[in-house]
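A quick write-up on the structure given underneath.
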Amino acid sequence: MGLAVDLDSRLEVSASLQAIINALGVLSANPADASAQSSVRSAFDQLGNRMIDVADELTEADAQRLAELGAAELFRPDLYESLADHFGANVGTPAVSQSHVQTVYERRQEILRGFQTVIGVAQDREWDVDAASGIEGDAEIGFTVPRAIFANNLRGLTKELEWINRFLSTVAEAATGEHDDFEVSRLSTSDPTVFVVTGCGLALTVGRLIKWGVETWKTVEEIRKLRAETAKLKAFSPEEVDAIFGEKIRVQVVKEIEDQAARLTQDVRNEGRRNELTTGLGKLLDQFLQRIERGMTVEIRLLQHSEPGELPAEETEEQRDLQVIAAELKFPNASDAPVLRLTGGAAELNGNAQRPVKAKRKKQGPKGPQTTSAT
Numbered sequence: 083m084g085l086a087v088d089l090d091s092r093l094e095v096s097a098s099l100q101a102i103i104n105a106l107g108v109l110s111a112n113p114a115d116a117s118a119q120s121s122v123r124s125a126f127d128q129l130g131n132r133m134i135d136v137a138d139e140l141t142e143a144d145a146q147r148l149a150e151l152g153a154a155e156l157f158r159p160d161l162y163e164s165l166a167d168h169f170g171a172n173v174g175t176p177a178v179s180q181s182h183v184q185t186v187y188e189r190r191q192e193i194l195r196g197f198q199t200v201i202g203v204a205q206d207r208e209w210d211v212d213a214a215s216g217i218e219g220d221a222e223i224g225f226t227v228p229r230a231i232f233a234n235n236l237r238g239l240t241k242e243l244e245w246i247n248r249f250l251s252t253v254a255e256a257a258t259g260e261h262d263d264f265e266v267s268r269l270s271t272s273d274p275t276v277f278v279v280t281g282c283g284l285a286l287t288v289g290r291l292i293k294w295g296v297e298t299w300k301t302v303e304e305i306r307k308l309r310a311e312t313a314k315l316k317a318f319s320p321e322e323v324d325a326i327f328g329e330k331i332r333v334q335v336v337k338e339i340e341d342q343a344a345r346l347t348q349d350v351r352n353e354g355r356r357n358e359l360t361t362g363l364g365k366l367l368d369q370f371l372q373r374i375e376r377g378m379t380v381e382i383r384l385l386q387h388s389e390p391g392e393l394p395a396e397e398t399e400e401q402r403d404l405q406v407i408a409a410e411l412k413f414p415n416a417s418d419a420p421v422l423r424l425t426g427g428a429a430e431l432n433g434n435a436q437r438p439v440k441a442k443r444k445k446q447g448p449k450g451p452q453t454t455s456a457t
């Protein structure tokens, strides 16, 4: 909620809509006025640029949460295009478009006022709705754990949180040489999501690792689809299909994990500790792929701090890189028939391994718009 209110205010989305309403009002009174026509075009262009900025900052997970709150229309990716198209279809009657934009504006204001009311009540009662205020750190990393992984069992969820902590701690030691204690900034329900705060550098390392995991699984998924198609052929028995494609999947996963673990630990000077970290990371990366297959998602975002002063140049570059990585994290749908056995975390409660279970990932929010000037 706080993110939506902040985005609307900081990127001036509502203000841009109001500017369109005002410009259309002037054009309605003076339809032949070239200056009024130019003002309408400029107002639409401003909204288009603002929505591009929104698309750069609003993650797919953010869009999904807004949809769950019934507020998907706040930053709908076609907001600019739909209003520009409506104006184009009614160019001879700007008052009609003005009324339409006014309706959209008032609906958005109704949603935003509702959010502001909830935030105000939460602040009065010292509840944390969704803001990571007062938190020391540059970025947030959020892990969403599908309920299918821990079977709605509290001990299972606790085990998954311990796994997330172990995953981050091991990556942190490999990247920085130090163990990090991670502060939880937010928790949300539905499919449980835990956000922890880190420095920008570690978030960037984790982001690249997450991207690697997603890309690796997409490659494996292509092999899995071939296996499923081959299994339909009567010429192959299930054992033959598994011997061909199951082994191919296992070889592909092992190779990717070994290469990635070695890359992450290459700067660790102590050979003994480097070997330990490589082994530990290999196991955790394997378990991470198991969770991607079952619907786990990870989101990364920069924290906005109000302290005055600019960040150092190197930190600014890290922030830019992190924004790019965060926008590229597009997770595949959860597999109905996972091929990797689930280990670690909640699976430890079930004899150290859990057979594949069906899981559905909710649809993620849409991509941001590509805009052009209104005519």
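Here the sequence shown is numbered in the working numbering, starting from 83 and rising by one per residue.
Every residue gets a Cβ at the ideal spot worked out from N, C-alpha and C, and that includes glycine.
Identify, in the order they occur along the chain, each residue of the same chain with its Cβ nearer than 7 Å to the Cβ of residue i, setting aside the five sequence neighbours on each side.
| i | result |
| --- | --- |
| Arg290 | Ile407 |
| Leu286 | Glu400, Asp403, Leu404, Ile407 |
| Arg132 | Leu93, Glu94, Val95, Ser98 |
| Ala343 | Thr360, Leu363, Gly364, Leu367 |
| Gln119 | Leu109 |
| Phe318 | Thr312 |
| Leu161 | Met133 |
| Ser179 | Leu106, His168, Phe169, Asn172 |
| Ile331 | Val302, Ile305, Arg306, Val421 |
| Ala256 | Leu346, Thr347, Val350, Leu359, Leu363 |
| Ile103 | Gln180, Val183, Gln184, Tyr187 |
| Glu392 | Because the pLDDT at Glu392 is just 49, under 50, the model does not fix this residue reliably, and the value given afterwards should be weighed accordingly. Closer than 7 Å at the Cβ level, and outside the excluded window around Glu392, lies no residue. |
In three-state DSSP terms, what is residue i?
| i | result |
| --- | --- |
| Glu304 | helix |
| Ala221 | strand |
| Phe277 | strand |
| Glu260 | coil |
| Asp341 | helix |
| Thr175 | coil |
| Asp144 | helix |
| Leu24 | This structure cannot speak to residue 24, because the chain is shown only from 83 to 457. |
| Leu411 | coil |
| Asp349 | coil |
| Arg158 | coil |
| Asn131 | helix |
| Val227 | coil |
| Gly377 | coil |
| Asn234 | coil |
| Asn112 | coil |
| Ala101 | helix |
| Ser120 | helix |
| Asp138 | helix |
| Ser164 | helix |
| Gly170 | helix |
For residue i, which of the options has the nearest alpha-carbon?
| i | options | result |
| --- | --- | --- |
| Met378 | Leu363, Glu400, Trp245 | Trp245 |
| Val183 | Arg147, Leu404, Ser98, Gly152 | Ser98 |
| Val333 | Arg190, Ala285, Thr298 | Thr298 |
| Leu194 | Leu148, Asp167, Val266, Asp220 | Leu148 |
| Phe197 | Val108, Val87, Thr425, Gly224 | Val87 |
| Gly170 | Asn352, Leu106, Arg306 | Leu106 |
| Glu163 | Val227, Leu89, Ile134 | Ile134 |
| Leu243 | Asp262, Thr275, Ala254, Ala256 | Thr275 |
| Gly427 | Val136, Thr199, Gly238 | Gly238 |
| Gly224 | Asp144, Phe232, Thr301, Gly283 | Asp144 |
| Trp152 | Glu192, Ala254, Asp341 | The question names Trp, but residue 152 is Gly in the sequence shown. Ranking the options by Cα distance to Gly152, first place goes to Glu192. |
| Lys293 | Glu381, Ser117, Pro159 | Glu381 |
| Ala409 | Ser91, Leu89, Glu139, Asp90 | Glu139 |
| Ala137 | Pro176, Ile231, Asp90, Ala166 | Asp90 |
| Arg355 | Pro228, Asn247, Pro159, Glu260 | Glu260 |
| Ala419 | Ala177, Ala230, Ala154, Leu165 | Ala230 |
| Phe249 | Glu321, Leu284, Ala101 | Leu284 |
Who does residue i pair with in a DSSP beta bridge?
| i | result |
| --- | --- |
| Gly364 | For Gly364, which the question treats as bridged, DSSP gives no partner whatsoever. |
| Arg383 | Glu222 |
| Asn268 | One point to set straight first is that residue 268 is Arg, not Asn, in the sequence displayed. According to DSSP, Arg268 bridges with Phe277. |
What does a CB cutoff of less than 6 Å around residue i pick up in its chain, not counting 5 residues either side in sequence?
| i | result |
| --- | --- |
| Tyr187 | Leu99 |
| Ile458 | Any property of residue 458 remains undetermined from this structure, which presents the chain solely from 83 to 457. |
| Glu265 | Val279 |
| Ser121 | Ala105 |
| Arg443 | Because Arg443 carries a pLDDT of 43, less than 50, the predicted location of this residue cannot be relied on, and the following value inherits that uncertainty. Hits under 6 Å: Gly377, Asn415, Ala416. |
| Leu269 | Val276 |
| Lys337 | none |
Under 8 Å Cβ to Cβ from residue i, same chain only, skipping five residues before and after it: list those, please.
| i | result |
| --- | --- |
| Ser455 | Confidence in Ser455 is poor, its pLDDT being 34 and thus under 50, which makes the residue's placement unreliable; the coordinate value appears in the next sentence. Arg123, Phe126, Asp127, Gly130, listed in sequence order. |
| Asp115 | Val108, Leu109 |
| Gly295 | Leu367, Phe370, Leu371, Ile374 |
| Asn112 | Ala118 |
| Val335 | Thr298, Val302, Asp368, Leu371, Leu422 |
| Phe232 | Gly238, Leu239, Lys241, Glu242, Gly427, Ala428 |
Hey, residue i and residue j are a contact pair by Cβ (cut 8 Å); roughly how many whole angstroms apart?
| i | j | result |
| --- | --- | --- |
| Leu359 | Thr258 | Not really, about 12 Å apart at Cβ, beyond 8 Å. |
| Leu156 | Arg190 | 6 Å |
| Asp273 | Thr226 | 5 Å |
| Arg383 | Thr141 | 6 Å |
| Leu431 | Lys241 | 6 Å |
Indicate whether at least one CB of chain D lies closer than 9 Å to the CB of residue i.
| i | result |
| --- | --- |
| Asp88 | This model lacks chain D altogether, as it is built from one protein chain only. |
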